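Read the structure below first, then the notes.
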Amino acid sequence: MPLLADSPPTPARRPAPASGDRMVLGFLAFSLTAALTLELYFVLHAQDLDERHDLFARGFQLYGRGDRTYAGQGDVYLPFALETINLCVVQVLNCALAHAVVRRRAWRHPLQLAIGSYLSGSVVLYFWHAHAAGYPDMPHHSVGGYVLFYVPNLPWLVGNLWMAAASFRALVRSVKEGETSR
């Protein structure tokens, strides 16, 4: 009969992620889900969205009251380019970030700062492009049109700004701790 001392040690369990880490992981899950559903659908059907009648197409047609390019009309190339980069590059980085958060990797905060900065910047670019041009792809310049244009994009703007700011604070705190330990 083997003794207890002879049994292999049980691996140490990682502590549960902190609440801020859980929020990051939740936002990454939300972003990945949106990318693999709505954004993938848009990238695959940007050229024929106005001819489609399924659930996602109807959703994009509703959003088209704020920006008709997402309904497949007009110059769809800026939204297509932004969504393609988001789908093909950023989601891979988001998966790497989720891994870094769970495994507590040292490169987590630089990556999180980069992703949050890029994505919030791309939302601001999308907003500014429309504003500077006078909202040419908004069929009716009404309160409803502006609400449909801005509100659906706010989770990406606010969520990514929050992720970037949280990582910036963590990096600054790390640098300050390094300076005081000298």
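Going by full-length UniProt numbering, the sequence shown opens with residue 1, and the numbers climb by one from there. For every residue, glycine included, the Cβ atom is placed at its ideal position computed from N, Cα and C. If you're wondering where the values come from, they're calculated on a predicted model, not measured in any experiment.
Within the same chain, and ignoring the five residues on either side of A46 in sequence, the residues whose Cβ sits closer than 7 Å to its Cβ are G72, V76, F80. The stretch 140-151 makes contact with the stretch 58-69, as at least three CB pairs between them are under 8 Å. Residues of the same chain with a CB within less than 8 Å of the CB of P139, apart from the 5 flanking positions on each side, are G64, R65, R68, G145 in chain order. Taken through DSSP and simplified to helix, strand or coil, H141 comes out as coil. Taking 4 residues as the minimum length, the alpha helix (DSSP H) runs contained wholly in the stretch 81-143 are 91-103, 108-132, in order along the chain. Relative to L36, the option among A57, N160, C88 whose CA is nearest is C88. For A166, the enclosing alpha helix (DSSP H) begins and ends at 154-180. For V24, the enclosing alpha helix (DSSP H) begins and ends at 19-34.
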